[in-house]
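Here the UniProt record's numbering is used: position 268 in the sequence shown is 268, and no number is missing along the way. Where is the CB? At the ideal position from N, CA and C, for every residue including glycine. Right, one structure below, let's go through it.
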Amino acid sequence: MRLTSIAVALAPKRFVHLNLQGRGNPLTSPSSFRCWTRAFSGRSDDYREKLRNGFLQDMKLDDAVGLFSEMVKSRPFPSIIDFSKLLTAIAKLKKYDVAISLGEKMQKLGISHNIYTYNILINCFCRSSQLPLALGMLGKMMKLGYDPNVVTLSSLLNGFCRCNKISDAVALVDQMVEMGYQPDKVTFTTLIHGLFLNNKVSEAVALVDRMVEKGCQPDLVTYGAVVNGVCKRGNIDLALDLLTKMEKGNIEVNVVIYNTVIDGLCKYKHVDDALNLFNEMENKGVRGNVVTYNSLISCLCCYGRWSDVSRLLSDMIERKSTPMFLLLVH
């Protein structure tokens with residue numbers, strides 16, 4: 001099954017056609033191009049110098065639009081690689097509508113997009129939760145002979161998750177495998193976040209096992225996302241199981257993940273389990289920080305366990321870790 005089947009299912013042909021014609025599309029909105037007409041602020045240096053000298057790193061939006069204006073006035077036109085660099089920089093500023101508008105301006109000027117610029121624009125549509133327009137752009141790209149790559153598919157996956165289309169996101173991952181793409185850790189972690197956003201806890205946890213089956217070993221970031229998700233929903237036993245699974249997979253649990261589980265145990269009144277996990281953590285050479293102590297001390301105060309509070313405060317003072325003032329006046 002081709003990827004276009006998803007596009008057709010989610011964006012009817014008439015809707016996609018209208019989008020590609022520019023009707024109801026932010027690409028062709030007059031207001032979208034107002035910023036394009038602004039004059040470039042600063043010296044009129046050659047655009048190549050700006051691209052070479054790190055101009056894009058600390059660039060402001062007005063300067064980016066001005067640089068684009070310089071580039072499209074240049075003859076011959078700059079390479080598509082140069083335009084890709086600029087569009088990427090604008091997208092990093094989270095000015096997705098501007099990047100999309102400038103991409104449309106390039107087309108009107110006869111500057112053909114390639115797979116890289118199409119990916120940038122699809123990502124901008126997805127980041128701004130305009131999934132139907134992203135699918136429309138995908139259809140246009142494929143008609144021109146560009147097959148989606150893992151970057152394209154990852155952007156669409158993010159878009160599906162943002163729009164709460166989790167079943168389509170899962171189908172997309174399956175389709176990536178069918179098309180010969182190996183989903184990476186970023187792909188799986190994105191899907192895990194989406195599943196938790198839709199309260200599909202068991203599916204998110206099962207996805208960790210699926211990653212291993214697909215030959216993609218979950219890392220600390222992936223496990224961190226799952227542990228955080230299950231703790232927020234009170235599935236503390238599941239979180240403890242995940243810690244065991246991490247150890248079996250030779251993944252060193254860091255203080256951030258321990259803190260997440262300890263805080264979850266405290267919130268759900270498992271204070272002794274929280275203390276036991278803290279001791280286990282310390283025995284494994286992972287030292288607690290101010291967040292660890294704050295969670296434990298706050299919980300112990302609620303139960304009037306002052307001897308434990310005193311012991312932990314002494315530990316903090318010995319380690320020169322200052323407790324938050326709120327805890328001292330709890």
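What residue range does the alpha helix (DSSP H) around residue i cover?
i	result
Glu178	166-178
Glu252	Unbroken run through Glu252: none, as it is neither H nor E.
Pro127	Strictly speaking, residue 127 in this sequence is Arg, with Pro absent from that position. Unbroken alpha helix (DSSP H) run through Arg127: 115-127.
Gly215	Careful: Gly215 lies outside any alpha helix (DSSP H) and carries neither H nor E.
Cys163	No alpha helix (DSSP H) holds Cys163; DSSP gives it neither H nor E.
Leu80	First, the residue type needs correcting, since residue 80 is Ile and not Leu in the sequence shown. Unbroken alpha helix (DSSP H) run through Ile80: 80-92.
Tyr146	No alpha helix (DSSP H) contains Tyr146, which DSSP labels as neither H nor E.
Ile111	Per DSSP, Ile111 belongs to no alpha helix (DSSP H) and is neither H nor E.
Val291	290-302
Asp56	The identity of residue 56 in the sequence shown is Leu, whereas the question assumes Asp. Taken as a continuous stretch (DSSP letters only), Leu56 belongs to no alpha helix (DSSP H), as it is neither H nor E.
Ser307	306-318
Gly229	220-232
Gly194	185-197
Asp241	236-248
Phe278	271-283
For residue i, count the other beta carbons within 10 Å of its own beta carbon; 16 or more makes it buried, fewer makes it exposed. Which is it?
i	result
Lys95	buried
Asp209	exposed
Glu280	exposed
Glu104	buried
Gln130	buried
Ser295	buried
Leu144	exposed
Tyr47	buried
Thr189	buried
Asn235	buried
Val212	exposed
Ser307	exposed
Ile100	buried
Tyr293	buried
Ser41	Note that Ser41 has pLDDT 39, beneath the 50 cutoff, so the model's placement of it is unreliable and the number below is only indicative. By the neighbour-count rule (16 or more Cβ atoms within 10 Å), Ser41 is not buried but exposed.
residue 331	What is shown of the chain runs 1 to 330, which leaves residue 331 out entirely.
Val177	exposed
Asp168	buried
Ile81	exposed
Arg162	buried
Gly159	buried
Tyr303	exposed
Asp237	exposed
Gly215	exposed
On a CA-only basis, which of the options is nearest residue i? Give me that one, please.
i	options	result
Ser84	Met246, Phe68, Pro76, Lys73	Phe68
His193	Asp174, Glu213, Met137, Lys165	Lys165
Gly180	Ile236, Glu252, Val150	Val150
Gln57	Val72, Pro132, Leu93	Leu93
Asn289	Tyr258, Ser307, Asp273	Tyr258
Arg75	Met59, Ile90, Lys50, Leu109	Leu109
Val226	Lys248, Ser310, Ser202, Asp97	Ser202
Val253	Arg305, Lys284, Leu275	Lys284
Asp272	Glu282, Arg287, Arg305	Arg305
Met316	Tyr303, Ile297, Tyr118, Glu178	Ile297
Tyr223	Thr88, Leu191, Ile80	Leu191
Lys185	Gly264, Leu220, Glu178, Arg162	Leu220
Arg127	Ser79, Pro148, Ala274, Ile90	Ile90
Leu86	Pro183, Lys50, Ile115	Lys50
Cys231	Lys269, Arg311, Lys320	Lys269
Lys248	Gln217, Asn228, Thr260	Gln217
residue 336	Leu133, Ile115, Ala64, Asn250	Look at the range of the chain in this structure, 1 to 330, and you will see that residue 336 is not part of it.
Thr117	Ala134, Leu195, Thr88	Thr88
Asn228	Glu282, Val286, Asn250, Val255	Val255
Lys60	Ala239, Leu275, Val98, Arg311	Val98
Asp263	Lys73, Ile251, Asn250, Val291	Val291
Phe196	Arg233, Leu312, Asp62	Arg233
Let me see if you follow: with CB-CB separation under 9 Å, is residue i close to chain C or not?
i	result
Cys124	Here chain C cannot be found, since the structure has a single protein chain.
Touch test, the stretch 155-164 against the stretch 119-130, Cβ-Cβ under 8 Å, three pairs minimum: Yes, the stretch 155-164 touches the stretch 119-130.
At least 3 beta-carbon pairs within less than 8 Å: the stretch 134-144 vs the stretch 167-182: The stretch 134-144 vs the stretch 167-182: no contact.
At least three beta-carbon pairs within less than 8 Å, the stretch 243-263 to the stretch 187-207: Between the stretch 243-263 and the stretch 187-207 there are fewer than three C-beta pairs closer than 8 Å, too few to call the two in contact.
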